[in-house]
Amino acid sequence: MDLNAVNSMNYEEFVDIFGNVVEKCPLITGAIWSKCPFSSVADLEASIYEFIDSLPSSGKEGILRCHPDLAGRELMSGTLTPESLNEQNQAGLTSLSQTDREALNVLNSQYKTKFVFPFVICAKMSDKSQIIEELKSRLQNNRDEELGIGIAEVKKICHLRLQDIFLKVIPTKL
Ligand SMILES: NC(=O)N[C@H]1NC(=O)NC1=O
1014 MDLNAVNSMN YEEFVDIFGN VVEKCPLITG AIWSKCPFSS VADLEASIYE FIDSLPSSGK
1074 EGILRCHPDL AGRELMSGTL TPESLNEQNQ AGLTSLSQTD REALNVLNSQ YKTKFVFPFV
1134 ICAKMSDKSQ IIEELKSRLQ NNRDEELGIG IAEVKKICHL RLQDIFLKVI PTKL
């Protein structure tokens, strides 16, 4: 994918390609299409972050709530988005022992009970034991701190998803 191609996309094409750079939040992609043309990939990425940062806390919490639990119900039922499945797989969360999966489920539900939004972390930048340790440690934070950390993690996930899209080589016809 190259920037010229992106800048000539209509709304539907743009949302089709970038609609899940923030998990299950195509509305964000839809909103930033109007900023086209972008001067660089960094400019496109900055527009997404600017939109997220402009939201009130309730909107930021809504973004966190669109994320599936790590090693949770959606993974077990095969209903994760392809991006999330790939990330959870890379962190080793698709091959957890039953004991680790149960431990993670308990911590995830303690987290949700305390903060009323799910624990979000960029899974590709961690492995399963770091994720469990991070979850235990972040459970000690307050709600504002966790909202800030969760949104920073959403941006890391978005950055890697954008990289994947731009690095993907589109096969040329012979
Ligand atoms: N809960 C949570 O962090 N989910 C996400 N993290 C990640 O890297 N991909 C996700 O879907």
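1014 is the number of the first residue of the sequence shown in the numbering used here; add one for each residue after it. For each residue, glycine too, the CB sits at the ideal point set by N, CA and C.
C-alpha of Thr1126 to C-alpha of Ser1108: approximately 26 angstroms in a straight line.
From the listed residues Phe1064, Leu1077 and Arg1086, the smallest Cα separation to Leu1117 is found for Arg1086. For Val1035, the distance from the CB to the nearest heavy atom of ligand 1 is not below 7 angstroms.
A residue is called buried once 16 or more other Cβ atoms fall within 10 Å of its Cβ, and Thr1092, having fewer, is exposed.
Within the same chain, and ignoring the five residues on either side of Val1054 in sequence, the residues whose Cβ sits closer than 6 angstroms to its Cβ are Phe1179. Our two residues, Cys1038 and Thr1112, have alpha carbons roughly 32 angstroms apart in a direct line. Relative to ligand 1, His1080 has its C-beta within less than 7 angstroms of a heavy atom. As summarised for the stretch 1020-1096, the continuous alpha helix (DSSP H) elements at least 4 residues long and confined to that stretch are 1024-1031, 1039-1045, 1054-1067, 1070-1078 and 1086-1090, given in chain order. The C-beta distance from Ile1030 to Ile1061 rounds to 13 angstroms, too long to fall under 8 angstroms, and the pair is not in contact. Under a 10 Å Cβ-count criterion, Gly1161 is classified as exposed, with fewer than 16 other Cβ atoms of the shown protein chains found around its own Cβ.
Taking C-alpha positions only, Glu1147 is separated from Cys1135 by approximately 11 angstroms.
Taking non-hydrogen atoms of ligand 1 into account, the C-beta of Phe1132 is found less than 7 angstroms away from one of them. Judged by beta-carbon spacing, Leu1083 lies within the 8 angstroms limit of Asn1121, meaning their Cβ atoms are closer than that value.
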